[in-house]
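J.:
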DNA sequence: CGAAGATATGTAACCGGCTACAGATAGCAA
DNA sequence: TTGCTATCTGTAGCCGGTTACATATCTTCG
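Residue numbers (the working numbering), protein chains in the order written: chain A, 1 to 350; chain B, 1001 to 1350.
(1) Hey, how far is the Cα of residue 1276 of chain B from the Cα of residue 129 of chain A?
(2) Is there a C-beta anywhere in chain A that falls below 8 Å from the one on residue 1091 of chain B?
(3) Residue 7 of chain A CB to nearest chain B CB: under 8 Å?
(4) Which whole runs of the beta strand (DSSP E) in the region 261 to 327 of chain A are 3 residues long or more, in chain order?
(5) Would you kindly report the start and end of the unbroken alpha helix (DSSP H) that includes residue 173 of chain A?
(6) Could you give the residue range of the alpha helix (DSSP H) that holds residue 1159 of chain B?
(7) In chain order, what residues of the region 1224 to 1255 of chain B put their CB closer than 7 Å to some CB of chain A?
(8) Buried or exposed for residue 97 of chain A, going by 16 or more other Cβ atoms inside 10 Å?
(9) What would DSSP say about residue 1194 of chain B, mapped onto helix, strand or coil?
(10) For the region 292 to 310 of chain A, which residues have a CB atom closer than 7 Å to at least one CB atom of chain B, in sequence order?
(11) Would you mind telling me which residues of chain B sit closer than 7 Å to residue 10 of chain A, beta carbon to beta carbon, in chain order?
(12) Is there at least one Cβ from chain B nearer than 8 Å to residue 198 of chain A's Cβ?
(13) What are the boundary residues of the alpha helix (DSSP H) that includes residue 118 of chain A?
(14) According to DSSP, is residue 1332 of chain B part of a helix, a strand, or is it coil?
(15) By Cβ distance below 6 Å, which residues in the same chain neighbour residue 1110 of chain B in space, the five residues on each side in sequence not counted?
(16) Given a threshold of 16 other Cβ atoms within 10 Å of its Cβ, counted over all protein chains shown, does residue 1084 of chain B qualify as buried or as exposed?
(17) Short of 7 Å in beta carbon distance, which residues of its chain neighbour residue 1233 of chain B, apart from the five on each side in sequence? Order them along the chain.
(18) Measuring straight from C-alpha to C-alpha, what distance separates residue 1145 of chain B and residue 43 of chain A?
(19) At 7 Å on the CB atoms, spell out the chain A contacts of residue 1272 of chain B, in chain order.
(20) Do the region 103 to 119 of chain A and the region 1116 to 1129 of chain B make contact, defined as three or more Cβ pairs closer than 8 Å?
(21) On the three-pair Cβ rule with 8 Å, is the region 1288 to 1298 of chain B touching the region 1321 to 1336 of chain B?
(22) Identify, in the order they occur along the chain, each residue of the same chain with its Cβ nearer than 7 Å to the Cβ of residue 205 of chain A, setting aside the five sequence neighbours on each side.
(23) Spatial neighbours of residue 253 of chain A within its chain, please: C-beta separation below 6 Å, excluding the five flanking residues on both sides.
(24) Run down chain A in chain order and give the residues with a C-beta less than 7 Å from the C-beta of residue 1102 of chain B.
(25) Considering only DSSP beta bridges, list what residue 9 of chain A is partnered with.
(26) Reducing DSSP to helix, strand and coil, say where residue 62 of chain A ends up.
(27) Based on DSSP bridge pairs, tell me the residues matched to residue 1127 of chain B.
(28) With a cut-off of 8 Å, does the C-beta of residue 1325 of chain B fall near any C-beta of chain A?
(29) Can you list, in chain order, the residues of the region 51 to 63 of chain A whose Cβ is nearer than 7 Å to any Cβ on chain B?
(30) Whole angstroms are fine: how far does the CA of residue 151 of chain A sit from the CA of residue 162 of chain A?
(31) Give the interface partners of residue 81 of chain A over in chain B, defined as CB-CB distance under 7 Å, in chain order.
(32) Keeping to the same chain, check which residues put their C-beta closer than 8 Å to that of residue 194 of chain A; ignore five residues upstream and five downstream.
(33) Does any residue of chain A have a CB that is nearer than 8 Å to the CB of residue 1320 of chain B?
(34) Taking all protein chains shown into account, decide if residue 1076 of chain B is buried (16 or more other Cβ within 10 angstroms of its Cβ) or exposed.
(35) So is residue 314 of chain A buried or exposed if we call it buried at 16+ other beta carbons inside 10 Å?
(36) Where does residue 1067 of chain B land, buried or exposed, given buried means 16+ other C-beta within 10 angstroms?
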């Protein structure tokens, strides 16, 4: 609406300098509060910038500074209910410090992961919060080189990258011990993919709890799932079939290594008209929003998802500020949330 | 691991040109497949780029091209279960065309929205997929000017921006008609914030359905909610209280204008031991993942969330390619999903 | 054979910032 | 007065690409 110059058109620092009657050097110094600038010059520059609706061109600046003030969040799928909270945490922490976040969904495909990493390198991203699936650490470094810092979330790689995770062994232990303390001894586990550290570790916690209670580990009670609802349902079907339709003495509780699979298991149980928790108790993992609305409401092991995101971003910024820092690792504590899908078990069974 | 040059360090086109024994102009042409380049020169350049692990600096390029190949997705909160699917759609469609997506959570705060828009302008973003809450269209244009294209999702502004939405009036109509067809006549509505077009339009659909069925509109059956779970619960409490604890003849069904509020209402009903759907039927809106795991499973009006994201991104790219296009508007159709929270109503009531 | 056009390449300017360096002025101590 | 420091400003080069323009060679056609 202004004359010709004002509104939409893009202004450069040259135009600001000209209007203010100074050189670009002075204009730059005034706008960035660096070096020596007289009061009058500064205020003339600021006024000119205001009048021209000047917005610095970040890309141009990054050409000299080498910093883009951009980080990336690379994860399998925002649509997986575990990730939005993490993403929000990352974005909050990043934007607080003036960083923007680029979102990348890889579906866990090493191919897509590699493609994104290449793209991110071309963008000279300052850092990456990465939840990879299968890409080996060495491959990551070979692509991004040391052009950007990396923090791994919820994954554990051999490479010397910083890490934010929760104690999955402990989480698995908590879930299983809870079931044991309720009197269960025949406890099945629907694990995550055993190629992922999360999958392995939660299973390890399960074994630890069993061992500590003196309950023998029974291979046939372990079914490998895929962290997805349909996989959880299929795994539960398999378990039910294995028991000849009625769990009864063969199996009285299930630890599903994430909530999505637990929900799948729940539907399978419902279809077979097996009562939860009276016939079979079930514990999930993650405490996604779903968990508190199922019937029965799902007992689960909560992870501090938002905090993980925040910590990951903050850790990344620290690493960016000082690439020579020793490797950082932050292990958060999972927490058992007891709802209705697990219940005290009286008398029956041994 | 290589000599000194290979791995992590950043290479410029100058080094590539030098290694290939050509000028930067030729190198640039070879890498971009523009202009004339001899076969030999091209292959020497490509080989040099490969050996040096050359990745173009996108920021430098955008300095001359004026394009950043970056768009932004500005929404209230990824943590709201409605948005991840939209986000995924936007990211998929964008990355398919080589664009990156910057994620911005505004919490619906006009202040944050304005801050983000300013930041995005500084980044010379090519376009924005925007789900604003309260920022007037004029304000948006005053900030971003015509420096980037804008597509509005699920919102309707006076400004001449492109729009992707679903037919909310129709959605409200579908939900209400469904209840009416089951025999309900006393239907309460827990609306969204009436300051939002989504809120208003769904309510309008409700009124239309009532009108068409000849059921008088009763002000006292309308409670304004906030699209959040706790708000839905509070609204339901209010309705129950209004009926003196037992809905009975005063109210036999509720249309909650999104699923989150429906879930909240469900918990309120459960606490009061009011059976769903036999005493009170309930329909939600959005069909988020939650809806299919509640007990009873929630009948709801589904929006094609992922498709909305895809369409928004594609529309944005079209607009970016041709700023003079007439205003585009895409209205998708909502779809009724009948589950267990609504049920045929026999005899009783009139 | 000469002119026109296609092909190939390099030089240099430019995109929009930042900053090293140099030059200018002023204040102050010796 | 001289010399030194602190303050202020501008010129120009650089960051890493793209591309207009000039130049040169090779075909091709009248």
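Glycine included, every Cβ here is placed at the ideal spot set by N, Cα and C.
Please read these numbers as outputs of a predicted model, since none were measured by experiment.
T.: Looking at the atomic coordinates:
(1) Position 276 of the second chain, counted from the first residue, corresponds to residue 1276 of chain B. Position 129 of the first chain, counted from the first residue, corresponds to residue 129 of chain A. Taking the straight line joining both Cα atoms gives about 44 Å.
(2) Here residue 1091 of chain B corresponds to residue number 91 of the second chain, with the count starting at 1. Yes, because at least one Cβ of chain A sits closer than 8 Å to the Cβ of residue 1091 of chain B.
(3) By 1-based counting over the first chain, the position of residue 7 of chain A is 7. The predicted model places residue 7 of chain A with a pLDDT of 43, which falls under 50 and marks its position as unreliable; any figure quoted below should be read in that light. Closer than 8 Å to some Cβ of chain B, the Cβ of residue 7 of chain A qualifies, so yes.
(4) 281 to 286 and 299 to 302
(5) Residue numbering aside, residue 173 of chain A sits at position 173 when the first chain is read from its first letter. Run containing residue 173 of chain A: 168 to 181, per the alpha helix (DSSP H) assignment.
(6) Start at 1 with the first residue of the second chain, and residue 1159 of chain B comes out as number 159. Here residue 1159 of chain B belongs to no alpha helix (DSSP H), and DSSP marks it neither H nor E.
(7) none
(8) For this step, residue 97 of chain A is matched to residue 97 along the first chain. When all chains shown are included, residue 97 of chain A counts as exposed.
(9) If you number the second chain from 1, residue 1194 of chain B lands on position 194. Reduced to three states, the DSSP call for residue 1194 of chain B is coil.
(10) 293, 294 and 295
(11) The residue given as residue 10 of chain A occupies position 10 in the first chain. Simply 1147.
(12) Residue numbering aside, residue 198 of chain A sits at position 198 when the first chain is read from its first letter. Chain B contact via Cβ: absent.
(13) Taking the first chain and counting its residues from 1, the one referred to as residue 118 of chain A is at position 118. Residues 110 to 122.
(14) In the second chain, the residue the question calls residue 1332 of chain B occupies position 332. It is a strand residue.
(15) Counting from one through the second chain, the residue named residue 1110 of chain B turns up at place 110. Excluding residues within five positions, the ones whose Cβ falls inside 6 Å are 1134 and 1135.
(16) For the purposes of this step, residue 1084 of chain B is taken as residue 84 along the second chain, with counting starting at 1. Residue 1084 of chain B comes out buried.
(17) Residue mapping note: residue 1233 of chain B aligns to position 233 of the second chain, counting from 1. Answer for residue 1233 of chain B: 1264, 1265, 1267 and 1268, listed in chain order.
(18) Indexing the second chain from 1 puts residue 1145 of chain B at position 145. Indexing the first chain from 1 puts residue 43 of chain A at position 43. Each residue's alpha carbon lies about 25 Å from the other.
(19) Within the second chain, residue 1272 of chain B is the residue found at index 272, counting from 1. Going along chain A, no residue has its Cβ under 7 Å from residue 1272 of chain B, so there is no contact; the nearest lies around 16 Å.
(20) no
(21) no
(22) Translated into positions along the first chain, residue 205 of chain A becomes position 205. Once the five neighbours on either side are set aside, the close Cβ partners of residue 205 of chain A are 168, 169, 170, 171, 172, 173 and 176.
(23) For the purposes of this step, residue 253 of chain A is taken as residue 253 along the first chain, with counting starting at 1. Here the set comprises 179, 184, 187 and 281.
(24) Here residue 1102 of chain B refers to the residue found at position 102 when the second chain is read from its first residue. The contacting residues are 100, 101 and 102.
(25) As a working note, residue 9 of chain A is residue 9 in the first chain. DSSP lists no partner for residue 9 of chain A.
(26) Taking the first chain and counting its residues from 1, the one referred to as residue 62 of chain A is at position 62. It is helical.
(27) Here residue 1127 of chain B refers to the residue found at position 127 of the second chain. Per DSSP, B:1071 and B:1149.
(28) Here residue 1325 of chain B is taken as the residue at index 325 of the second chain, counted from 1. So no, residue 1325 of chain B is outside the interface.
(29) 55, 56, 57, 58, 59, 60, 62 and 63
(30) Translated into the one-based positions of the first chain, residue 162 of chain A becomes position 162. Translated into the one-based positions of the first chain, residue 151 of chain A becomes position 151. About 5 Å.
(31) For this step, residue 81 of chain A is matched to residue 81 along the first chain. The answer, in chain order, is 1289.
(32) On the first chain, residue 194 of chain A is found 194 positions in, with the first residue counted as 1. Taken in chain order, the residues that qualify are 200, 203 and 224.
(33) Position 320 of the second chain, counted from the first residue, corresponds to residue 1320 of chain B. With 8 Å as the cut-off, residue 1320 of chain B does not count as an interface residue toward chain A.
(34) Counting from one through the second chain, the residue named residue 1076 of chain B turns up at place 76. Label assigned to residue 1076 of chain B: buried.
(35) For this step, residue 314 of chain A is matched to residue 314 along the first chain. Its Cβ being crowded by 16 or more others within 10 Å, residue 314 of chain A is buried.
(36) To locate residue 1067 of chain B, count along the second chain from 1; it is residue 67. Residue 1067 of chain B is exposed by the Cβ-count criterion.
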